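**Q** Read in order, the letters of the sequence shown are residues 16 to 213 in this note's numbering.
All C-beta atoms, glycine included, are put in the ideal place defined by N, C-alpha and C.
Bear in mind the structure is a predicted one, so any value in this text is a computation, not a measurement.
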Amino acid sequence: MRKICIVILVLLLSVGCTPQSNEGTIHEEGFSYIKTIENELKDEYDGDYNIPIHPEYEILRVHLINALSFLTFPPDMVIYYGVNKGDLIETFEDPDFIKSHEEGVGKNLYGLYEGAIIAQLTYSPVKGGEMDGDHFWSINGYNDIPYVFISPEQNKIYTKIDLEQGGYNIIFHLSDYFTEDDAKAFTTFLLNKVKPLS
Numbered sequence: 016m017r018k019i020c021i022v023i024l025v026l027l028l029s030v031g032c033t034p035q036s037n038e039g040t041i042h043e044e045g046f047s048y049i050k051t052i053e054n055e056l057k058d059e060y061d062g063d064y065n066i067p068i069h070p071e072y073e074i075l076r077v078h079l080i081n082a083l084s085f086l087t088f089p090p091d092m093v094i095y096y097g098v099n100k101g102d103l104i105e106t107f108e109d110p111d112f113i114k115s116h117e118e119g120v121g122k123n124l125y126g127l128y129e130g131a132i133i134a135q136l137t138y139s140p141v142k143g144g145e146m147d148g149d150h151f152w153s154i155n156g157y158n159d160i161p162y163v164f165i166s167p168e169q170n171k172i173y174t175k176i177d178l179e180q181g182g183y184n185i186i187f188h189l190s191d192y193f194t195e196d197d198a199k200a201f202t203t204f205l206l207n208k209v210k211p212l213s
């Protein structure tokens, strides 16, 4: 009986000590791979290429956008976050499809996985213009963040965050499981992960 109790105690302790990533989440199985992509982009291009790992929302896809041939800017990077992450979409396992897709759109870095998109972040290493918003989020420690609804159904929100090098353009997809308050919370998370202009 004593041996059984000791075994149970060891099992309970081992479950309680499951290693966590330094982002405080264990659900993102591609954590180390995502960070490898991030480091390679920073080495290859001049820019603040950050791919924040969110504790609640999975990354469904990361890809680059081909720059126009006459431009010498580094490429934009697009990150899709979502819920109910599933399997890799079958066409993205086909090398011929990937090659054709990359020629038309840009290099595919991760995914595309099945899931419901809640946010689309586009990082551009080239700073855009100022944004005028119809609404503002007051977030402690930061200037008011402007945002606008960009669809007739009022189910998409656009906002942006300027960085020292470039910035993020963000489109939130609102639904029953991702609200305007969730969009504000996600923006707060992002502000705490990147280095916005004050």
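Check each candidate in Ile74, Tyr192, Lys142 and name the one with the smallest Cα separation from phenylalanine 46.
**A** Of the candidates Ile74, Tyr192, Lys142, the one whose C-alpha sits nearest the C-alpha of phenylalanine 46 is Ile74.
**Q** Measuring alpha carbon to alpha carbon, tell me which residue in Tyr125, Tyr192, Asp149, Glu129 is nearest isoleucine 160.
**A** The shortest C-alpha separation from isoleucine 160 is found at Asp149.
**Q** Let me know the secondary structure DSSP gives tyrosine 138 once reduced to three states.
**A** It is a strand residue.
**Q** Between the C-alpha atoms of phenylalanine 193 and lysine 199, what's the straight-line distance to the nearest angstrom?
**A** The alpha-carbon atoms of phenylalanine 193 and lysine 199 are separated by roughly 10 Å.
**Q** Note down the Cα distance separating valine 120 from leucine 79, rounded to an integer number of angstroms.
**A** Answer to the nearest angstrom: the Cα atoms are 8 Å apart.
**Q** Which word fits phenylalanine 201, buried or exposed, when buried means at least 16 other C-beta atoms lie within 10 angstroms of its C-beta?
**A** Burial call: buried.
**Q** List the DSSP bridge partners of serine 166.
**A** Answer is none; serine 166 lacks a bridge partner.
**Q** To the nearest angstrom, how far is the alpha carbon of threonine 174 from that of alanine 131?
**A** Roughly 20 Å between the two C-alpha positions.
**Q** Histidine 188 to alanine 134, Cα distance in whole Å?
**A** Looking at the two C-alpha atoms, the distance is approximately 6 Å.
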